[in-house]
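In my numbering, the protein residues as written are 609 to 657. All residues carry an ideal CB built from backbone N, CA and C; glycine is no exception.
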């Protein structure tokens with residue numbers, strides 16, 4: 609689901625390598641937080657932190 613949402617967000621700029629690189633750049637945050645970071649949606653940060 610995260611990859612598909614990220615792909616929709618990036619559109620023609622999507623690259624699987626970029627997706628994996630960005631995902632790994634964030635270390636080991638909780639999956640719920642990683643989703644918010646990758647999709648650049650800060651609306652739920654208070655909930656997941």
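Whole-angstrom distance between residue 637 and residue 627, CA atom to CA atom: Taking the straight line from one Cα to the other gives about 16 Å.
- prompt: Whose C-beta lies closer than 7 Å to the C-beta of residue 617 among residues of the same chain, with five residues either side of it excluded?
  reply: Taken in chain order, the residues that qualify are 647.
field: Presumed contact (8 Å Cβ cut-off) between residue 640 and residue 610, rounded CB distance
entry: That pair is no contact at about 10 Å.
query: Can you name the start and end residues of the alpha helix (DSSP H) that residue 627 belongs to?
result: Element bounds for residue 627: 624 to 633.
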